[in-house]
Amino acid sequence: MDHKEVVLLLLLFLKSGLGDSLDDYVNTQGAFLFSLSRKQLAAGSIEECAAKCEAETDFICRAFQYHSKEQQCVVMAENSKSSPIVRMRDVVLFEKRIYLSECKTGNGKNYRGTTSKTKRGVICQKWSDRSPHVPKYSPENSPLAGLEENYCRNPDNDEKGPWCYTTDPETRYDYCDIPECEDECMHCSGENYEGKISKTMSGIDCQPWDSQSPHAHGYLPSKFPNKNLRMNYCRNPDGEPRPWCFTTDPNKRWEFCDIPRCTTPPPASRPTYQCLKGRGENYRGTVAVTVSGHTCQRWSEQSPHKHNRTPENFPCKNLDENYCRNPDGEAAPWCYTNSSALRWDYCKIPACESSPLSTEHLDTPVPPEQTPVAQDCYRGNGESYRGTSSTTITGRKCQSWSSMTPHRHQKTPEKFPNADLAVNYCRNPDADKSPWCYTTDPRVRWEYCNLKKCSDTDGQVTSFPTPAQVPSAEAPEDCMFGNGKGYRGKKATTVAGVPCQAWAAQKPHRHGIFTPETNPRAGLESNYCRNPDGDVNGPWCYTTNPRKLFDYCDVPQCPSSSFDCGKPKVEPKKCPARVVGGCVAKPHSWPWQISLRHRYGKHFCGGTLISPEWVLTAAHCLEKSSRPASYKVILGAHQEENLEPDVQEIEVSKLFKGPVGADIALLKLQSPAIITDKVIPACLPSANYVVADRTVCYITGWGETQGTFGAGLLKEARLPVVENKVCNRYGYLDGRVRSTELCAGDLAGGTDSCQGDSGGPLVCFEKDKYILQGVTSWGLGCARPNKPGVYVRVSSFVTWIEETMRSN
């Protein structure tokens, strides 16, 4: 193939040249592709590397990978469908979508997938073969048609789509069953739609998914990496009947988009089951009774309950008869009931018996992130670490070691039996510099975990200094804050003990991007470890080992100059049980929880310590009196009545109710709380931060237990956040929830906050700490099905909180 033909082929494939956009690529950080046909080229940027891929003439460039520290570009003829991938630092793999796709657009002239059977199941003949059929189209006479191997293609622009010569001597050719790509139409309910329609049915422009204006929302692209929430394109992340978007009209929060249905059958679905596996989305059994004993309403009927979960709206979900199903991503199969008093309920489906793990492990459950408490650290390089942390350094959730989605890999429990590759916990099976894991983000193959290295004092319980006790001396020079971008210490060896190469030197490694001349403010003196590119893994250097370009340095974190908010000294239970429902907390595992009491009375509300002098609670807790002297705060307690001898009891000196209509209030304590291992503030969120839908959070309190176990002891419960769009649906809270509030609760009922919990915390774990995202406010009863609790959205009032604290 000559240069002209390659250029024509690229023009045929690319809607918009890759030199201008990387939209036609799938990229994965930390992924290295083994390729036999490859070229190593110099490139100063990813865009320059993409241009070199486009200009390649010796082979069709299907992928490239870029090594930023080396400024090296590798263009390749293979991709992950034909070559294995391993994890590697400082590399991003870009693969052309057209060669990964197994669907067609239009008549499939540009289809380059690997289907090689006809719609009748007959294996295709290779295009280069001349038996059993002499081909009219071959790689020699149709070089632009992609006639590789025996893959289905459309070299003659046949309106019926891709076809192939068959290996059946009686049938010269036949068509292939290639589904349509969901970029111009949608299959099923558009769950996988990836097109670029960005207007609603009434013609309103869509709001970008990464924007919180004009509508704050919980469908954050960073929290839903599998939902392809790009730009302002219509999508369906929450199991609606069709794609939708938030609108740019302040008066209309969201609306459906008008996406046509595809005319070809959808891609083959995953296996179906007669028992419960995972969330039961592929359950196809005949159970038709809910856990409460009610018979299910037929999906095609609208009585006694009107709904849009119909067979027409969800054509791929097998909504037959009145059988329990899970068409919209609920926690388990469910149905509308035949009782007008109960709209819907979950069903009791027998669990599938455990069986040997398949190669796909598609249904392997992944637990929520585990919290590393202060004592959870690793020694050496962490090969012996056996803790339960499962969060990466950037806050991503770890993929289960036994799972092959979203990343296929070789680090399985069977192949590394001594590495304790349990669940999705951080581990170091290959003797890397520290524990790591594969991530649940398809775009990031792996990352190091958010763990610190143990020091000599780890494991000892220490008190946190109050601000008045914090020494004013500067932190030691050879430690770092954050990712160490500002580190200016003199450590000059890598984590493996190899001396660093001087930044100004070009031996043994030639480099041009990170030198004292090109980065005069990065502190690239001598051969000291530095972080000129803001690498999340911390300071690094080029090494004096000719076979290893760079490595990270073992620079410890500087000791905190004050207490660490949101980090309990006792690991919480984080019980999954159904503080109605829930479980009794470990004493002092939620050290920011306070008990609000009348000056000479009993507990009546909760609250959250947010700094030594300040407590956040609900405004409605202060309705009986506006005098600060009427209230006192109990800190460090576990029992409601028989208080432990070391609890702190502090009176309130000032109170401040929030903006008009907001159920939030600040209490200033008469004297600062003493910060100890039993009394630690929770962290405040950043202003206007919105918690992502289905984020697992925790409520605590001494409130009404409605006869469940644990009255008089601090209880906790784990609750998922319910996005306001869902919470305001008819049948849930029907439009009552404001944008300055958030919902959280088990829609099946049985778990909730209740009377006496008001004002208490809803905290969510983020990266390495608990953040106060909600103040317990109101609900329609306690723990009722389909009635999640409502909490004041703390992030909406952070500016008010900080200004009030600063001015008082």
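The sequence shown maps to residues -19 to -1, 1 to 789 in mature numbering (1 follows the signal peptide of the UniProt record, and there is no 0).
Using N, Cα and C, we set each Cβ at its ideal position, and we do this for glycine too.
Taking 7 Å as the limit between beta carbons, can you name the residues of its chain near residue i, skipping five residues before and five after?
| i | result |
| --- | --- |
| residue 222 | 170, 289, 294 and 295 |
| residue 708 | 714, 718, 724 and 769 |
| residue 30 | 24, 45, 47 and 54 |
| residue 414 | 362, 476 and 533 |
| residue 128 | 108, 118, 119, 120, 134 and 136 |
| residue 150 | 113 |
Short of 6 Å in beta carbon distance, which residues of its chain neighbour residue i, apart from the five on each side in sequence? Order them along the chain.
| i | result |
| --- | --- |
| residue 15 | 64 and 65 |
| residue 601 | 644 |
| residue 34 | 42, 45 and 56 |
| residue 305 | 268, 314, 316 and 328 |
| residue 229 | 186 and 188 |
| residue 145 | 105 and 133 |
| residue 446 | Its pLDDT being 41, under 50, residue 446 is placed unreliably by the model, and the measurement read from it follows with that caveat. Nothing meets the Cβ criterion. |
| residue -8 | Below a pLDDT of 50, predicted positions are generally treated as unreliable, and residue -8, at 33, falls in that range; no measurement from the model is reported. |
| residue 480 | 474 and 525 |
For residue i, which residues of its own chain have a beta-carbon under 8 Å away from its beta-carbon, when the five flanking residues on both sides are left out?
| i | result |
| --- | --- |
| residue 694 | 565, 566, 619, 620, 621 and 683 |
| residue 257 | 264, 313, 314, 330, 331, 332 and 333 |
Going by DSSP, what residue range makes up the alpha helix (DSSP H) through residue i?
| i | result |
| --- | --- |
| residue 751 | Taken as a continuous stretch (DSSP letters only), residue 751 belongs to no alpha helix (DSSP H), being part of the beta strand (DSSP E) at 750 to 759. |
| residue 36 | 27 to 36 |
| residue 677 | Where residue 677 is concerned, there is no enclosing alpha helix (DSSP H), although the beta strand (DSSP E) it sits in stretches over 677 to 682. |
| residue 153 | Run containing residue 153: none; DSSP gives neither H nor E here. |
| residue 707 | 705 to 708 |
| residue 334 | Here residue 334 belongs to no alpha helix (DSSP H), and DSSP marks it neither H nor E. |
Give me the Cα-Cα distance between residue i and residue j, rounded to the nearest whole angstrom.
| i | j | result |
| --- | --- | --- |
| residue 772 | residue 575 | 17 Å |
| residue 324 | residue 714 | 13 Å |
| residue 702 | residue 398 | 37 Å |
| residue 500 | residue 662 | 40 Å |
| residue 310 | residue 172 | 11 Å |
| residue 75 | residue 178 | 25 Å |
| residue 650 | residue 577 | 12 Å |
| residue 174 | residue 181 | 15 Å |
| residue 246 | residue 670 | 41 Å |
| residue 62 | residue 19 | 16 Å |
| residue 343 | residue 260 | Below a pLDDT of 50, predicted positions are generally treated as unreliable, and residue 343, at 38, falls in that range; no measurement from the model is reported. |
| residue 516 | residue 199 | 28 Å |
| residue 722 | residue 667 | 16 Å |
| residue 580 | residue 674 | 39 Å |
| residue 183 | residue 284 | 29 Å |
| residue 40 | residue 753 | 55 Å |
| residue 94 | residue 395 | 32 Å |
| residue 49 | residue 159 | 38 Å |
| residue 388 | residue 631 | 52 Å |
Could you please give the first and the last residue of the uninterrupted beta strand (DSSP E) stretch that includes residue i?
| i | result |
| --- | --- |
| residue 19 | 19 to 23 |
| residue 9 | 6 to 14 |
| residue 364 | From DSSP, residue 364 is part of no beta strand (DSSP E); its letter is neither H nor E. |
| residue 325 | 325 to 327 |
| residue 787 | Counting along the chain, residue 787 falls outside any beta strand (DSSP E), though it belongs to the alpha helix (DSSP H) covering 779 to 788. |
| residue 742 | 742 to 747 |
| residue 605 | No beta strand (DSSP E) holds residue 605; DSSP gives it neither H nor E. |
| residue 522 | 521 to 523 |
| residue 725 | 722 to 725 |
I think residue i touches residue j, with their Cβ atoms under 8 Å apart; what is that distance to the nearest whole Å?
| i | j | result |
| --- | --- | --- |
| residue 435 | residue 750 | About 19 Å separates the two Cβ atoms, so there is no contact after all. |
| residue 470 | residue 509 | 7 Å |
| residue 647 | residue 629 | That pair is no contact at about 18 Å. |
| residue 570 | residue 596 | In fact, because the Cβ distance is near 19 Å, the residues do not count as touching under 8 Å. |
| residue 369 | residue 419 | Contact doesn't hold; Cβ gap of about 17 Å is too wide. |
| residue 156 | residue 77 | At roughly 25 Å, the Cβ-Cβ gap does not stay under 8 Å, so residue 156 and residue 77 are not in contact. |
| residue 678 | residue 775 | Not quite, the Cβ-Cβ distance comes to about 12 Å (not below 8 Å), so this is no contact. |
| residue 377 | residue 421 | 7 Å |
| residue 653 | residue 747 | Between residue 747 and residue 653 the Cβ distance is about 26 Å, and since that is not below 8 Å, they are no contact. |
| residue 582 | residue 757 | Their Cβ separation, rounded to whole angstroms, is 20 Å, which puts residue 582 and residue 757 out of contact at 8 Å. |
| residue 280 | residue 271 | Residue 280 to residue 271, Cβ: 14 Å. No contact. |
Taking CB distances under 7 Å as the criterion, tell me whether residue i reaches chain C.
| i | result |
| --- | --- |
| residue 228 | The chain labelled as chain C is not found in the depicted structure, where only one protein chain is given. |
Does at least one heavy atom of the ligand ATP sit under 6 Å from the Cβ of residue i?
| i | result |
| --- | --- |
| residue 315 | Ligands are entirely absent from the displayed structure, and the ligand ATP is therefore not among its contents. |
Ordered list of beta strand (DSSP E) runs contained in the stretch 103 to 146, each at least 3 residues | Assignment of beta strand (DSSP E) within the stretch 103 to 146, counting only whole runs of 3 or more residues, yields 144 to 146 in chain order.
With a floor of 3 residues, list each beta strand (DSSP E) that falls wholly inside the stretch 390 to 419, ordered by position along the chain.
-> 417 to 419
Output the residue ranges of the beta strand (DSSP E) runs that lie fully inside the stretch 237 to 262 and measure 3 residues or longer, sorted by chain position.
-> none
Quick one: which unbroken alpha helix (DSSP H) runs of 4-plus residues sit fully inside the stretch 29 to 85? Chain order, please.
-> 78 to 81
Where in the stretch 526 to 588 do unbroken runs of the beta strand (DSSP E), each at least 3 residues long, occur, reported from the N-terminal end onward?
-> Complete beta strand (DSSP E) runs here, min 3: 531 to 533 and 574 to 579.
In chain order, which continuous runs of the beta strand (DSSP E) of length 3 or greater are located wholly inside the stretch 616 to 659?
-> 629 to 638 and 646 to 650
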